[in-house]
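At position 54 of the sequence shown the residue is numbered 175 (the working numbering), and the sequence of numbers has no breaks.
These notes are about the structure you will find just below.
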Amino acid sequence: MTEPVVHCITNVVTAGRVADALAAAGAQPILASASDEVAEVARRADALVLNCGTPTTARFAAMRAAAEAARGRRTPIVLDPVGCGASAWRTRCIRELAAVTLPSVVRGNAAEVSSLADLDEGPALRGVRSSEAGTKTLERIACAASAALRTAVLVTGRGNDVAVDGGAVHRLTVQADVLGHVVGAGDVLSALVGAFLARGRAPLAAALEAHAAFAAAVRDVGTRGPGGFWPAFLDALAARG
């Protein structure tokens with residue numbers, strides 16, 4: 122499978138970046154989000170990525186319909202619980218979506234993942250970004266969330282990230298300075314996890330390979346500022362295949 126199809130219902134802020142990143146990584150993105158077609162599109166896709174960044178009632182309904190169709194064909198699903206914990210309504214809707222979705226991988230920051238799994242421990246959410254958490258805290262959150270949600274979990278922090286599935290814990294790093302000044306890095310990483318799942322990788326392997334590709338591309342960008350980051354990132358991602 123050279124160009125797997127990845128169906129993303131992603132947030133409107135970063136949809137173009139997500140599509141470009143998937144194409145640069147050798148996948149075929151389709152960003153269908155209308156309830157009239159999402160089930161049909163999801164059944165034809167090789168992976169489904171659900172991003173909760175700009176939620177509406179209609180959007181959550183479309184995500185549920187796509188997830189049910191994907192599950193019917195055993196298509197892998199990535200859930201990115203953007204902003205979980207930001208409001209009671211969003212938190213409830215994302216938790217309900219997770220229960221329906223049974224995702225292969227959950228990818229989010231420490232505050233989002235902690236809120237999704239209803240953990241007692243977790244840093245505060247500021248907007249849709251998590252306040253800083255140490256590596257040990259990230260590990261505890263990732264392990265507890267993986268056990269509670271019964272899925273692979275990739276928790277991203279500020280350069281020190283953690284991937285967990287069952288008893289396997291992987292500590293990961295990424296050059297993080299510029300990432301604090303651009304929007305959509307997490308959305309792109311979640312989509313890349315979907316691309317690797319679409320190629321048949323197991324959930325934890327997909328998370329690790331996506332993170333490695335993402336981190337390598339960020340490293341290749343070098344010291345560029347926010348204005349030049351995304352074009353250089355896409356070039357680096359495409360160059361690495």
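Think of the CB as a built atom: it goes at the ideal place given N, C-alpha and C, for glycine as much as any other residue.
State the DSSP-derived secondary structure class of threonine 135, mapped to helix, strand or coil. Of the three classes helix, strand and coil, the one that applies to threonine 135 here is coil, per DSSP.
Based on DSSP bridge pairs, tell me the residues matched to valine 276. Beta-bridge pairing links valine 276 to Gly229, Val283.
Residue of Gly204, His302, Phe350, Val199 minimising C-alpha distance to valine 226: Considering only alpha carbons, the answer is Val199.
If you measure between the beta carbons of leucine 168 and leucine 318, is that distance less than 9 Å? First, the residue type needs correcting, since residue 168 is alanine and not leucine in the sequence shown. Cβ distance < 9 Å, so alanine 168 and leucine 318 count as in contact.
Buried or exposed: which applies to alanine 179, given that a residue is buried once 16 or more other Cβ atoms fall within 10 Å of its Cβ? By the neighbour-count rule (16 or more Cβ atoms within 10 Å), alanine 179 is not buried but exposed.
Return the Cβ separation of alanine 334 and alanine 146 in integer angstroms, given the expectation that the two are a contact with Cβ distance under 8 Å. The pair is a contact, with the Cβ atoms about 7 Å apart (cut-off 8 Å).
Mind checking glycine 204: buried by the 16 CB within 10 Å criterion, or exposed? Glycine 204 is buried by the Cβ-count criterion.
Exposed or buried, what is arginine 261 when buried is set at 16 or more other beta-carbons lying within 10 Å of its beta-carbon? Buried.
Proximity below 9 Å, CB of glycine 280 to CB of valine 295: Yes.
Can you name the start and end residues of the alpha helix (DSSP H) that alanine 306 belongs to? Taken as a continuous stretch (DSSP letters only), the alpha helix (DSSP H) holding alanine 306 covers 306–319.
Helix, strand or coil at threonine 101 according to DSSP, with G and I counted as helix: Past the boundaries of the shown model lies residue 101; the chain is included only from 122 to 362, so the question cannot be answered.
For proline 324, which residues in the same chain have their Cβ closer than 8 Å to its Cβ, ignoring the five residues on either side in sequence? Closer than 8 Å at the Cβ level, and outside the excluded window around proline 324, lie Pro197, Ser225, Val226, Thr272, Ala273, Asp286, Leu318.
Beta-carbon separation of arginine 164 and alanine 190 under 9 Å? Contact: yes.
Would you list the residues sitting across from proline 202 in a DSSP beta bridge? The partner list for proline 202 (beta bridge, DSSP) is empty, contrary to what the question assumes.
Taking the alpha-carbon of leucine 358 as reference, which of Ala338, Gly137, Gly206 has the nearest alpha-carbon? In terms of Cα proximity to leucine 358, the closest of Ala338, Gly137, Gly206 is Ala338.
Count the other CB atoms within 10 Å of the CB of valine 127; is the residue buried (16 or more) or exposed (fewer)? Looking at its Cβ environment, which holds 16 or more other Cβ atoms inside 10 Å, valine 127 is buried.
Excluding the 5 residues flanking alanine 186 on each side, which residues of the same chain have their C-beta closer than 7 Å to its C-beta? Only Ser156, Val159, Ala160 meet the Cβ criterion.
Neighbourhood of threonine 344 by C-beta, 6 Å cutoff - its chain only, sequence neighbours within 5 removed: By the criterion of a C-beta distance shorter than 6 Å, threonine 344 is surrounded by no residue of its chain, once the five residues flanking it on both sides are discounted.
Give me the Cα-Cα distance between proline 176 and asparagine 132, rounded to the nearest whole angstrom. Between the C-alpha atoms of proline 176 and asparagine 132 there is a straight-line separation of about 8 Å.
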